[in-house]
Amino acid sequence: MPDPNLLVLKILEAMSPFLKNPQILEIAFCSENRVTWHQKKNEAAKPLTKLDNIWRKLSDTFSVLKLHKLESKQLVWTHDHGQIILVRKDGKGVCGILSQNIIADTELQQIQKSCTDILDLTK
Amino acid sequence: MEIVASKWLFVDDDVRFLSHLKESLGLLCGKHPNAPSIIISENVADALLLIQRESPSIVITDIQMPQVDGFQFLRLLSTKYPKIKKVVLTGQSSTQIDGLCQKNGVARHFTKPATAKAMLDIFISLLALDKDPKQTLPTPEIKQTAGSVPTPQEQEANRIPFKKAIRITGKLAPRGTSFSSPSSVLDDVVTPKIQAADHPKGFSGVLDQINISELVQMLVLSNKSSILEVSGDHDQGKIYLEHGQIIHAETKDQVGESAVYVLLNLQDGQFELAHFNPPNQKTIFTTTQHILIEAARLMDEQERDKNHFNKEALTSKTSRITTAKQTLTKRQYVIIEEAVTQEVYVEESIETNHPSTVSNNAFDLQHLDEVIILAKDGKIQYKHGSLDPAQRIDLIAFIDFKSQQIHDQFQLGSLYHLQIIGENLEALMACKDDDTLLAINTQRPLPMKQLLGAINKNLCLTQTF
Chain E
470 MPDPNLLVLK ILEAMSPFLK NPQILEIAFC SENRVTWHQK KNEAAKPLTK LDNIWRKLSD
530 TFSVLKLHKL ESKQLVWTHD HGQIILVRKD GKGVCGILSQ NIIADTELQQ IQKSCTDILD
590 LTK
Chain Z
143 MEIVASKWLF VDDDVRFLSH LKESLGLLCG KHPNAPSIII SENVADALLL IQRESPSIVI
203 TDIQMPQVDG FQFLRLLSTK YPKIKKVVLT GQSSTQIDGL CQKNGVARHF TKPATAKAML
263 DIFISLLALD KDPKQTLPTP EIKQTAGSVP TPQEQEANRI PFKKAIRITG KLAPRGTSFS
323 SPSSVLDDVV TPKIQAADHP KGFSGVLDQI NISELVQMLV LSNKSSILEV SGDHDQGKIY
383 LEHGQIIHAE TKDQVGESAV YVLLNLQDGQ FELAHFNPPN QKTIFTTTQH ILIEAARLMD
443 EQERDKNHFN KEALTSKTSR ITTAKQTLTK RQYVIIEEAV TQEVYVEESI ETNHPSTVSN
503 NAFDLQHLDE VIILAKDGKI QYKHGSLDPA QRIDLIAFID FKSQQIHDQF QLGSLYHLQI
563 IGENLEALMA CKDDDTLLAI NTQRPLPMKQ LLGAINKNLC LTQTF
């Protein structure tokens, strides 16, 4: 079995171009076995070892939605001062993106599609 | 004595347990060059591949697993890899399992750890087993429950740094765990390091999941003298322990027992364990055990008050979002309880607020499969579709709670809306002036723009439709 950190790092690396977008502040990936890494703008990627880190907590939303018969693959949390985009794939995990502003619809769809592609292609 | 470099393979079909175990043991092992590396496998097939590739010195397996169970795996190990030490880590214990362990040459049999101390005990026992050359071949079972105390030889052989002991405790110890072992881990494993001359400042750590009360209990059991300096979001101070007894405590504006209670109640922050210097005055003369019991009682009372406040907050028509900081399960219970008692009202409100009867409809909710609108007082203002209101309210409460977590972490303000997209479903939870709408469409996309437009045009959801 490959080291779970390897998959997480591969996906995080594939997501790293998102950080060039001035609106995006942080990216994260939480694998199926809950290994979580994140990367902030202009910083190196770091593992999140705390069991109650925010990206893990948000990833849990998918399983709760499933219990409510709302099995989903994408969530977009729009708050007053920013957005969080989560994209999930079975067997891989959950990509997370934090944006400081509300992203326009077309750009948001592009980001969601890119995340889906990354999750589909990464082995 | 140095930790022998080796590999330990854990086999268990419970992925979450494995992941938790790996993380916890990883913290214990730290970056010590000779620390064992932890390998995990969710099934026997992967485990066998890993054994070939990694040659672990110990295999620790669960018993109840699908396809190939633990005993079949152990028999296979005995035949193919007789030199590997075998350990059973299972959620259950019975004489039958004990007998089978013995028959299969299991060197240790542990029950799955429920507490941090149990975890630490297992870690120490495994280290001792790893270094014991006598146990390279199958031996009669040596049953050891996770909570038992390791032998002095094992403890001596496996001293680990204090901070790491605290970290592992912090990861696993549930609130209120008591460390009742007569010979504490801290005393045997940690104390010599505390007194080491090359650590003049003592040891420090972060209160991420350990609480001060547990830390003080460990210090009391160690029967040593030290000063515990604690700083949290709301307060900071020092607790003086002399020969395992609290003799003085001080915060910014409290001294004595009341200061201890303030410090024991801190949830987040940092601590530092400094060398003992006698305080200017002794302010505490009651026994430490009494103080810890009293602190626990006060914390319980505080928790009860908080819950009481929570219910009041909901029933006094304040926003659900602002109260989402409270624990979810209790909130859910309160909201669901209210929803159940308001069933009659709900039916009435459907009559009075039916979309077709409201003038100036911005959007016809009947286009959607499921809709529920909650007013700011938590009452169901409108519902449509074949949904169970209690379940949907439960979900809304959960989403509120998560949005509060997002705000706490990233300071993004209140939730405006959450878009949920699945293979054959689209859902939207939108909040406006403390009213909340949850709309769900299956098979066809949710008319999101029109829906959000309709919400935006009006001051509150209940006037929108």
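Heads up: the protein sequence lines correspond to chains E and Z, in order. The numbering of the first sequence is the numbering used here, which starts it at 470 and goes up by one. The numbering of the second sequence is the numbering used here, which starts it at 143 and goes up by one. For glycine and all other residues, C-beta sits at the position ideal for the given N, C-alpha and C.
{"Query": "C-alpha distance - Lys558 of chain E paired with Asp589 of chain E, whole-angstrom precision", "Result": "8 Å"}
{"Query": "Every unbroken alpha helix (DSSP H) within the region 528 to 592 of chain E, with a cutoff of 4 residues, ordered by chain", "Result": "574 to 590"}
{"Query": "Reference Leu560 of chain Z; option with closest CA among Z:Leu163, Z:Asn566, Z:Phe540", "Result": "Z:Phe540"}
{"Query": "As assigned by DSSP and simplified to three states, the class of Met484 of chain E", "Result": "helix"}
{"Query": "Proximal residues, the region 547 to 558 of chain E versus chain Z, C-beta separation under 7 Å", "Result": "Thr547, His548, Asp549, His550, Gly551, Ile553"}
{"Query": "Endpoints, alpha helix (DSSP H) assigned at Thr505 of chain E", "Result": "Where Thr505 of chain E is concerned, there is no enclosing alpha helix (DSSP H), although the beta strand (DSSP E) it sits in stretches over 505 to 509."}
{"Query": "Rounded C-alpha distance that separates His417 of chain Z from Ala497 of chain E", "Result": "41 Å"}
{"Query": "Which listed residue (Z:Pro589, Z:Ile522, Z:Ala532) has its alpha carbon closest to that of Leu579 of chain Z", "Result": "Z:Ile522"}
{"Query": "Between the CA atoms of Val230 of chain Z and Ile181 of chain Z - distance to the nearest angstrom", "Result": "15 Å"}
{"Query": "Per-residue DSSP class, three states only, for His549 of chain Z", "Result": "helix"}
{"Query": "Test item: CB-CB of Ser545 of chain Z and Asp549 of chain E under 7 Å", "Result": "no"}
{"Query": "is_contact[Ser532 of chain E, chain Z] using C-beta, thresh 7 Å", "Result": "no"}
{"Query": "Inter-residue spacing [alpha-carbon to alpha-carbon] between Thr203 of chain Z and Ala187 of chain Z", "Result": "13 Å"}
{"Query": "Alpha-carbon to alpha-carbon, Thr257 of chain Z and Pro316 of chain Z", "Result": "For Pro316 of chain Z, the predicted model reports a pLDDT of 36, less than 50, meaning its position is unreliable and no value from the coordinates is stated."}
{"Query": "Residues near Thr591 of chain E by beta carbon distance below 8 Å, same chain, minus five either side", "Result": "Leu476, Lys479, Ile480, Ala483, Lys561"}
{"Query": "Stretch-stretch touch, CB-based, cutoff 8 Å, three pairs: the region 569 to 583 of chain E with the region 506 to 521 of chain E", "Result": "no"}
{"Query": "Cβ pair count under 8 Å reaching 3, the region 161 to 171 of chain Z against the region 188 to 198 of chain Z", "Result": "no"}
{"Query": "C-alpha distance - Cys584 of chain E paired with Gln547 of chain Z, whole-angstrom precision", "Result": "23 Å"}
{"Query": "The region 523 to 546 of chain Z: positions lying closer than 7 Å to chain E by Cβ", "Result": "Gln533, Leu537, Phe540, Lys544, Ser545"}
{"Query": "Residues near Leu434 of chain Z in its chain [Cβ-Cβ closer than 6 Å; skip 5 each side]", "Result": "none"}
{"Query": "Terminal residues of the beta strand (DSSP E) in which Val153 of chain Z lies", "Result": "149 to 153"}
{"Query": "In DSSP terms, what Arg123 of chain Z is bridged to", "Result": "Residue 123 of chain Z lies beyond the range of chain Z shown here (143 to 607); nothing can be said about it."}
{"Query": "Bounding residues of the alpha helix (DSSP H) (the contiguous stretch that carries Asp240 of chain Z)", "Result": "237 to 245"}
{"Query": "Buried versus exposed call for Arg586 of chain Z [16 or more other C-beta atoms within 10 Å across all chains shown]", "Result": "exposed"}
{"Query": "Check whether Thr393 of chain Z and Gly411 of chain Z have beta carbons under 7 Å apart", "Result": "no"}
{"Query": "CB contact below 7 Å: Lys526 of chain E versus chain Z", "Result": "yes"}
{"Query": "Buried/exposed call for Ala573 of chain E, threshold 16 Cβ in 10 Å", "Result": "exposed"}
{"Query": "Among Z:Ile389, Z:Val404, Z:Ser368, Z:His385, nearest to Ser355 of chain Z - alpha-carbon criterion", "Result": "Z:Val404"}
{"Query": "Collapsed DSSP secondary structure at Ser161 of chain Z in the structure displayed", "Result": "helix"}
{"Query": "CA nearest to the CA of Lys245 of chain Z, picked from Z:Leu216, Z:Met261, Z:Asp263, Z:Asn353", "Result": "Z:Leu216"}
{"Query": "Proximity test, Cβ basis, 7 Å: His537 of chain E and chain Z", "Result": "yes"}
{"Query": "Counted within 10 angstroms of its Cβ, other Cβ atoms place Leu570 of chain Z as buried (16 or more) or exposed", "Result": "buried"}
{"Query": "7 Å Cβ cutoff, Lys542 of chain E in contact with chain Z", "Result": "yes"}
{"Query": "Beta-ladder partner(s) of Thr393 of chain Z, from DSSP", "Result": "Z:Gly379"}
{"Query": "Beta-carbon neighbours of Val610 of chain Z, restricted to chain E and to distances below 8 Å", "Result": "What the structure shows of chain Z is the stretch from 143 to 607, and residue 610 of chain Z is not part of that stretch, so it cannot be assessed."}
{"Query": "Candidates E:Phe487, E:Val533, E:Ile571, E:Gln569: closest to Ile562 of chain Z by CA position", "Result": "E:Val533"}
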